[in-house]
Amino acid sequence: MKKPSILVVDDEPDNFDVIETLLSTSEDFEQETQTYNLHYAANGKDAIASLEIFQPDLILLDVMMPDIDGIEVCRRIKAMPKWSAVPIIVVTALTTKKDLAQCLFAGADDFISKPVNRLELTARVRSMIRIHQQYQQLANFNTQLEAMVQNRTAQLQNMLLEDALTKLPSRTFLVQELKERLKAGDSSLALVYIDCDQFKLVNGSFGHAVGNQLLMAIAQRLQRHLRPRDLLARMGGDEFCFLLHGIEEEQSLEPFLQEILQSFAQPFAVANCEIFITVCMGIALGKYSDHKPEELLQDADTAMYQAKLRGKDSHQIFDRQMHLAMYNRLILENDLQRALEQQEFILFYQPIIKLQTQKLVGFEALVRWRHPERGMVSPAEFIPSMEMTGLIVPVGMLVFKQACEQLYAWQQQGWTELTMSVNLSVRQFSCTTLLADIDHIIAETQVNPANIKLEITESAIMDNAESAIAITKELRSRQIQISIDDFGTGYSSLGYLHRFPVDNLKIDRSFVSQIQTENRNYHVVDTIIALSNQLGLAVIAEGIETKEQLEWLQKVGCQYGQGYLFNRPLPASEVEKIYLQS
C-alpha cells in the first residue's frame, strides 16, 4: 500500500527536522517511520510548484514566511480544484482567536501551535490523513459510480434506439431521423408502414418463441429491399416501417411496394415449419405533408388501417380525406358507446313465412339505432363499426335479451309456436362467455329455448371449425336451433356441413335476387336445397321481393322465406297489429 505523502512548508529547515523527529519518535516508532513519506519546501512558491511532484496527502504549513505568507499559500492551494481536498494543518506561533480565524477562513483544516508537541502532532496528522483517505475513497467511488451511470445511460440509449429482438432501428430512432430530414427540407421521402396480417394466430398456435423467430425472419427479408440512405425500423409487435428517400411521385413507389408484397409469397422456414404471412401497407408521402414526424407516422398508420379493411396483400396511400374518415369513425364509435349506455338500440322484426302455405312461422330480430338527433341510423353504417371495436358483443347480448323478452311476451299471449331468429356475429361466437351469457338470459326471460334460432355466418364457423363444432353442440344441447346465415357467400363449408349440428341453411339474398332458369345462381340454389333435403335441414330464403321469386322457390322445394314481398322489418307494435290480432 502506498505510504501517505506529507509536505512540510517552512522557511526554517530546522523546523522540518523537528517534525521529522517527532513523527519518528512516537511510541510505535517502527510503524510511524514506515507510514509517511516526508517532503520539504522552503517557501510558498516552492510548495505550490512541488505539488505535482510530491502528490501530498497532507500539508503542514508555516504561517510566518517571507514573500508569500502561509495564509495566502493556503488560500491559493484551496483555490486549485485538484488540490483543494488535500488537508492543510497550519503550524503557527500565533494563538489569538483572530489569527486562528484567518487561518480557517483561508481554508485551513486544522492548526498546531508552536512549539510543536509530539502527541498533538501525531494525533492531528493521523486524523487528517484518515479523513483524506476517506475522501479519496469517496471520490473514487463517485468516479466509478459516474462511469457506471454513463455506461448504463449509453446502454439505455442504445436500447431506446435499437429494437432488442431484431436489432433494427427502433421507432424512436426513426422519429429522430425523420425529424432531421424534414428539418433539413427533405420532402422527397415516404413512409411505408407494414403490418402483418393475423400474426396473433402464429403466437396462439406456435407460441411466442416461434413468433419471435418469425419476426426476426421477416426483418431479415425486409432488409434485402433497403437502398442506400433508406431506413427500416421495427415499430413494435408485428409492425415495421420503411423510411425511403428520393420519392418524388406516387408512381415511383409502385415497383417497391410490389417487391415487398412479392417477397411474402414464399413461406418462412421457422422451427421446422413453413409459415405463410401476408401484409398490408400504408404509405405517407413527405411532399404532401407539412406535419411533424409523429403526425406523418400517424398518416402512414391511418393508411395502413384503411388497407387492412380492404383485405390481405393490400396497400393504401394516405390522402387528407382519410383524416375526415377517421374523425367520423371516432365520432361514430363514441356515439355507439353512448347509445349502448342510453339504451338507444331497439329491435325490429321481419316475418318468416312458410312458403307453401304463406303462413307466419316466426321472426328475425334485427337491431336498429334510434339516434336522438339523426333519427333511425342504417345498420350498414353502424354494424361494421361495432364489429371492429368489439362493441358488437355487449350490443349482441342486448339484442338477444330483448328478442327473448319479446318472444316470451308473445308466447304468453298464446303464440307458442312462433320462433325467433337472432344473429350471432363472429366476435360473439368467439367470446369465451357466450354460453354463460345465453344461459343467464334464457333463465332470466323464461323463454322456451326450443323456439330460439341462432344465425351464425359461415366465416364464424370456418375460422375455427373444431371449436365451432363444440360450441354448436353445446347450444343444441340446450334445444336452441342453429342456422347458417348467408350460406354460399363465404367459405365452402360443404365438406364440414355433415359434422355440424345445424338445423337450417339461409340462402343469401344475392342468389334469390338473380334467379333465372339459365342463370348460374339457379343451379346453386337448386344444389343447396337438394343437399339440405339429404341432410334433413330446413332452408330459408332471404330477400324475396317478387312473386316470380316466390313461385320459383316454391317449385324447387324451399320451405321458408322472408323479404319485402311479405313485409319489411317492423317494430313490435306493428307486428302485433298486423299478425297477432286473432
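Per our numbering: the sequence shown = residues 280 to 861.
All C-beta atoms in this analysis are idealised placements derived from N, C-alpha and C, irrespective of residue type, glycine included.
It should be emphasised that the depicted structure is a prediction, and the values quoted were computed from it without experimental measurement.
Just to confirm the assignment, what range does the beta strand (DSSP E) spanning residue i have?
i: K633; result: F624 to K633
i: R508; result: Looking at the DSSP string, R508 is not in any beta strand (DSSP E), and its letter there is neither H nor E.
i: E638; result: The displayed chain sequence assigns Lys, not Glu, to residue 638. Unbroken beta strand (DSSP E) run through K638: K638 to H650.
i: N316; result: N316 to A320
i: A548; result: F547 to V549
i: F390; result: D389 to S392
Determine which residues share a DSSP beta bridge with residue i and list them.
i: G840; result: I632 and A820
i: I562; result: V471 and I596
i: L784; result: I763 and V818
i: N702; result: E734
i: G654; result: H650
i: A512; result: C520
i: L337; result: I285
i: I408; result: I408 pairs with nothing; no bridge assigned.
i: E553; result: A548
i: E441; result: P448
What residues in its chain sit with their C-beta under 8 Å from that of residue i, if we drop five residues either side in the sequence?
i: L858; result: Residue identity check: residue 858 is Tyr in the sequence provided, not Leu. Hits under 8 Å: P630 and L639.
i: R441; result: Here residue 441 turns out to be Glu, not Arg, going by the sequence shown. Here the set comprises L447, P448, S449 and F452.
i: R503; result: S542
Enumerate in chain order the residues of its own chain whose CB-to-CB distance from residue i is below 7 Å, with the five nearest sequence positions on each side excluded.
i: K282; result: T314, Y315 and N316
i: I761; result: L733, I735, T751, L754, R755, P780, V781 and D782
i: F295; result: V287, D289 and Y319
i: G641; result: I631, L697, T698, M699 and S700
i: V549; result: V489, Q492, L493 and A496
i: K591; result: D476, T557 and C559
i: E855; result: none
i: F555; result: P546
i: S363; result: K357
i: I748; result: R778 and F779
Taking its Cβ as the centre, do 16 or more other Cβ atoms sit within 10 Å of residue i, making it buried, or is it exposed?
i: D293; result: exposed
i: F661; result: buried
i: Y584; result: buried
i: A402; result: exposed
i: N702; result: buried
i: F535; result: buried
i: D614; result: buried
i: V428; result: exposed
i: M407; result: buried
i: S771; result: With a pLDDT of only 49 at S771, under 50, the local geometry of the prediction cannot be trusted, and the value read off the model is given with reservation. Its Cβ having fewer than 16 others within 10 Å, S771 is exposed.
i: Q838; result: buried
i: Q310; result: Here the model assigns Q310 a pLDDT of 48, short of 50, so the residue's position is not dependable, and the following value carries that caveat. Q310 is exposed by the Cβ-count criterion.
i: D718; result: exposed
i: M601; result: buried
i: S852; result: exposed
i: H487; result: exposed
i: T300; result: exposed
i: L609; result: exposed
i: I671; result: buried
i: E723; result: exposed
Which stretch, first to last residue, makes up the alpha helix (DSSP H) that contains residue i?
i: Q725; result: First-last for Q725: undefined, no H or E at that position.
i: L457; result: R450 to K462
i: F478; result: F478 to F485
i: V369; result: Taken as a continuous stretch (DSSP letters only), V369 belongs to no alpha helix (DSSP H), being part of the beta strand (DSSP E) at I367 to T371.
i: E753; result: A744 to S756
i: I671; result: I671 to Q691
i: I327; result: G323 to A328
i: E291; result: E291 -> no alpha helix (DSSP H), and no H or E assigned at all.
i: E827; result: K826 to V835
i: G590; result: First-last for G590: undefined, no H or E at that position.
i: L542; result: Per the sequence presented here, residue 542 reads as Ser, with Leu not at that position. Counting along the chain, the alpha helix (DSSP H) containing S542 begins and ends at E533 to S542.
i: I882; result: Residue coverage of the chain in this structure runs from 280 to 861, which leaves residue 882 outside it and unanswerable.
i: F384; result: K376 to F384
i: I857; result: A851 to Y858
Given residue i, which residues of its chain have a CB within under 6 Å of its CB, disregarding the five upstream and five downstream residues?
i: R788; result: E821 and G822
i: Q758; result: P728 and A729
i: G836; result: I808
i: D765; result: T736 and D787
State yes or no: is the C-beta of residue i nearer than 7 Å to some heavy atom of the ligand FAD?
i: N783; result: Inclusion of the ligand FAD in the displayed structure is not the case, the ligand content being empty and no account of it being possible.
Three or more C-beta pairs below 8 Å linking the region 481-494 and the region 569-582: By the Cβ rule, the region 481-494 does not count as touching the region 569-582, because fewer than three pairs are nearer than 8 Å.
Stretch pair the region 367-379 + the region 337-354: three plus CB contacts closer than 8 Å: A contact exists between the region 367-379 and the region 337-354.
The region 441-457 in contact with the region 508-523 per 3-pair CB rule at 8 Å: These segments touch.
Given 8 Å, three or more beta-carbon pairs between the region 456-474 and the region 520-528: Contact between the region 456-474 and the region 520-528 is present, because at least three Cβ pairs lie under 8 Å.
Segment contact flag, the region 618-629 with the region 672-686, C-beta cutoff 8 Å, min 3 pairs: Yes: the two stretches touch, three or more of their Cβ pairs being nearer than 8 Å.
Touch test, the region 388-405 against the region 414-422, Cβ-Cβ under 8 Å, three pairs minimum: Taking one beta carbon from each stretch, the region 388-405 and the region 414-422 have fewer than 3 pairs nearer than 8 Å; the two do not touch.
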